[in-house]
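Read the structure below first, then the notes.
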Amino acid sequence: IRKNELTIEQNCIMWGYRVIIPKKFRHQLLNELHSSHLGIVKMKSIARGYFWFPKLDEEIEKMGKSCLPCLKTMDNPQKSIPTPWNRTERPWQRIHMDFCGPINNVYYLIIIDSYSKWPEIFKMKNITTEMTIDKLRDTFCRWGIPDCVVSDNGPSLVSKKFEEFLKNNGVRHITSAPFHPATNGAAENAVRSFKKGLKAALFQNKHADLNLIISRYLLTYRSSIHSTTNETPSNLMLGRKLRTVFDILKPNVDRKVRENQEKQIQNCKGKEYKQFKVGDTIMARDYKDVNNKNWTEAKIKEVIGKKNYLCRVKDGRIWRRHQDQIIQVPPDNTLPAKMRQEERRTVFPKLPSNPNPVHNETRNISNSTPVNLPNTIREGRPKRKIRIPVRYNT
Numbered sequence: 028i029r030k031n032e033l034t035i036e037q038n039c040i041m042w043g044y045r046v047i048i049p050k051k052f053r054h055q056l057l058n059e060l061h062s063s064h065l066g067i068v069k070m071k072s073i074a075r076g077y078f079w080f081p082k083l084d085e086e087i088e089k090m091g092k093s094c095l096p097c098l099k100t101m102d103n104p105q106k107s108i109p110t111p112w113n114r115t116e117r118p119w120q121r122i123h124m125d126f127c128g129p130i131n132n133v134y135y136l137i138i139i140d141s142y143s144k145w146p147e148i149f150k151m152k153n154i155t156t157e158m159t160i161d162k163l164r165d166t167f168c169r170w171g172i173p174d175c176v177v178s179d180n181g182p183s184l185v186s187k188k189f190e191e192f193l194k195n196n197g198v199r200h201i202t203s204a205p206f207h208p209a210t211n212g213a214a215e216n217a218v219r220s221f222k223k224g225l226k227a228a229l230f231q232n233k234h235a236d237l238n239l240i241i242s243r244y245l246l247t248y249r250s251s252i253h254s255t256t257n258e259t260p261s262n263l264m265l266g267r268k269l270r271t272v273f274d275i276l277k278p279n280v281d282r283k284v285r286e287n288q289e290k291q292i293q294n295c296k297g298k299e300y301k302q303f304k305v306g307d308t309i310m311a312r313d314y315k316d317v318n319n320k321n322w323t324e325a326k327i328k329e330v331i332g333k334k335n336y337l338c339r340v341k342d343g344r345i346w347r348r349h350q351d352q353i354i355q356v357p358p359d360n361t362l363p364a365k366m367r368q369e370e371r372r373t374v375f376p377k378l379p380s381n382p383n384p385v386h387n388e389t390r391n392i393s394n395s396t397p398v399n400l401p402n403t404i405r406e407g408r409p410k411r412k413i414r415i416p417v418r419y420n421t
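One rule links them: number in this note's numbering = place in the sequence shown (from 1) + 27.
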């Protein structure tokens, strides 16, 4: 600031209409400013209307980003840019599976091949591990044993018996992060498409044969061109048409898939976050109460994928979290223990006594100045009051 813009009013150094705060009172004043846990933008708006000191904006941002209660209760971070699965080279190399239902007391096991988008659907009375293994055996005997199976963390899909079944057959099992179905997006899309078709068919005829509905759906889906591959699942899976009239063949499937994936990334409004490292301090989503958004401080224990991490919380428990369920905590903005105790106070701390009359007068003015939050919050960036300098005695 310029020296000719400073004035003294009642022993207070003023810059325009704002009080310049001494260094010893800045920390306490910032705590009072953040006592209502307002956002960074609102705190800046309030501060610019009353006081100033060097690097005011930086200190406000540091206070907002390192406040532990704010970090624990903040919203989900912006979704990251989707990372496509690696393109498989042959049919039935990697399959995605998920359950659908219950619809009219019937469950459905849906399996889809990542290469050809070929679906398999099975009716199930219940989704036990034994019945799931039985349906997988039925599928493996027709199409062979895949290299990899992708599923969520359902009880029947992460049981010891199911893991032993896959291990004995040389199948690698990949599970998605808890409460993050987008990781297994291929299966989720297949479930949503089948559920919509099934409900529409039952709405048209409540007494329709479920086996007939499933057969017609599979035939139509397998013989229709898929938007990702621009080919029919039957052509990629079997190398021939399934009694259809479609005669469109795209020889360069890989290029088309690559273009669609790049287009999806370009159109996505997500945000790319940097990779976390082992030992990083983060805020992990706490699902003790799924209806409320809570966050718990943790440290990265292990990196288990491109966007999946094992996090150790303070009580020693290990949580698995996706990158969308983690908030980065800047290492230089971590709150010390003393500051965490002070942030719980909602009143302005008592200032230390000082015989200096200038400081005492400044303290009285600061304490006597009312802070009416609802009336002082401004929209956008407040404008400075411009005083035209007096030149040439005009």
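From the three backbone atoms N, C-alpha and C, an ideal C-beta is built for every residue, glycine too.
Judged by beta-carbon spacing, LEU95 lies within the 9 Å limit of GLU324, meaning their Cβ atoms are closer than that value.
For HIS123 against SER143, the beta-carbon gap comes to about 12 Å, at or over 8 Å, which does not count as contact. In the DSSP assignment, LYS150 forms a beta bridge with TYR135.
For ILE201, the beta-bridge partners assigned by DSSP are VAL177.
Residues of the same chain with a CB within less than 7 Å of the CB of THR202, apart from the 5 flanking positions on each side, are SER178, ASP179, ASN180, VAL185 in chain order.
When Cβ pairs closer than 8 Å are counted between the two stretches, the stretch 123-139 is seen not to touch the stretch 66-84, the count staying below three. A residue is called buried once 16 or more other Cβ atoms fall within 10 Å of its Cβ, and ALA217 is buried on that count. Rounded to the nearest angstrom, the gap between the Cα atoms of LYS194 and LYS69 is 55 Å. One thing to note: PRO111 has its Cβ no nearer than 9 Å to the Cβ of GLN293. The alpha carbon of ASN321 has as its nearest neighbour, out of ASP307, ASP165, ASN131, PRO104, the alpha carbon of PRO104. The Cβ atoms of SER261 and SER254 lie no closer than 9 Å to each other. Here PHE192 carries a helix assignment [DSSP, helix/strand/coil]. No Cβ-Cβ contact shorter than 9 Å links PHE303 with ILE331.
In the three-state scheme derived from DSSP, where H, G and I count as helix and E and B as strand, THR308 is classed as strand. Our two residues, GLU147 and PHE206, have alpha carbons roughly 24 Å apart in a direct line. Residue state for TRP322 is assigned as strand, using DSSP reduced to three classes. With at least 16 other beta carbons inside 10 angstroms of its own, VAL176 counts as buried. Counting every other CB atom within 10 Å of its CB across the protein chains shown gives ASP102 a total below 16, marking it as exposed. Closest in C-alpha terms to PHE189, from the list PHE167, ILE172, ALA214, MET158, comes MET158.
Assignment of GLU258 by DSSP, reduced to helix, strand and coil, places it in the coil class. Between PHE78 and ILE108, the C-beta gap is not smaller than 9 Å, which leaves the two residues out of contact. If you draw a straight line from the Cα of TYR44 to the Cα of GLU85, it comes to about 21 Å. Going by beta carbons, VAL198 and ASP236 fall outside the 9 Å limit.
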